[in-house]
Structure formats: structure tokens, C-alpha cells
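Numbering-wise, the sequence shown is residues 58 to 119 according to the working numbering.
The C-beta atom is built at its ideal place from N, Cα and C for all residues, glycine as well.
All of these numbers come straight from a predicted model, not from anything done at the bench.
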Amino acid sequence: MRDDYHLEGPTVKVELELEKQVHERLMEMVSYTTLSQSELLNTALKRFISNHKDFLPARRAG
Numbered sequence: 058m059r060d061d062y063h064l065e066g067p068t069v070k071v072e073l074e075l076e077k078q079v080h081e082r083l084m085e086m087v088s089y090t091t092l093s094q095s096e097l098l099n100t101a102l103k104r105f106i107s108n109h110k111d112f113l114p115a116r117r118a119g
């Protein structure tokens, strides 16, 4: 399961802001798991996207 977190494919750098308590929890997870911030956030966003398709524009057929 931990192998699911590794980044695959091309990556891009982004700058973002997090609520302080979210950042603190993220850093606790990084320390506990030895996964990087990027790996944890990438996985979290993939899961969010897969569960919130309603945030995406409708795709047109064809």
C-alpha cells in the first residue's frame, strides 16, 4: 500500500497555502511515515479528485 504514494510520471512545482493546523498534521504524517510532503499531498489530491468529479467540467463525447 505504501508503494501507492510514490510519484509516477512528470511532476510540476506549485506554490500553495495551507491552514496552519493542516500543515502541522501533514508534517506529523511526513515524520511518521517517512513519505515526502509531495507524495502525501499528491495522493490526497488524487483521492479528492476521484471522489469529487462534480468539481470537474463535463467531458464532451467525441
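What separation, rounded to the nearest whole angstrom, lies between the Cα atoms of residue i and residue j?
i: T100; j: R116; result: 23 Å
i: K70; j: F112; result: 22 Å
i: E85; j: E65; result: 24 Å
i: V79; j: S107; result: 21 Å
i: E76; j: F105; result: 17 Å
Give the secondary structure of residue i by DSSP, where H, G and I count as helix, E and B as strand, and everything else as coil.
i: S107; result: helix
i: E65; result: coil
i: R117; result: coil
i: T91; result: coil
Look at residue i and residue j and say whether their C-beta atoms are less than 8 Å apart.
i: Y62; j: L97; result: yes
i: L102; j: Q94; result: no
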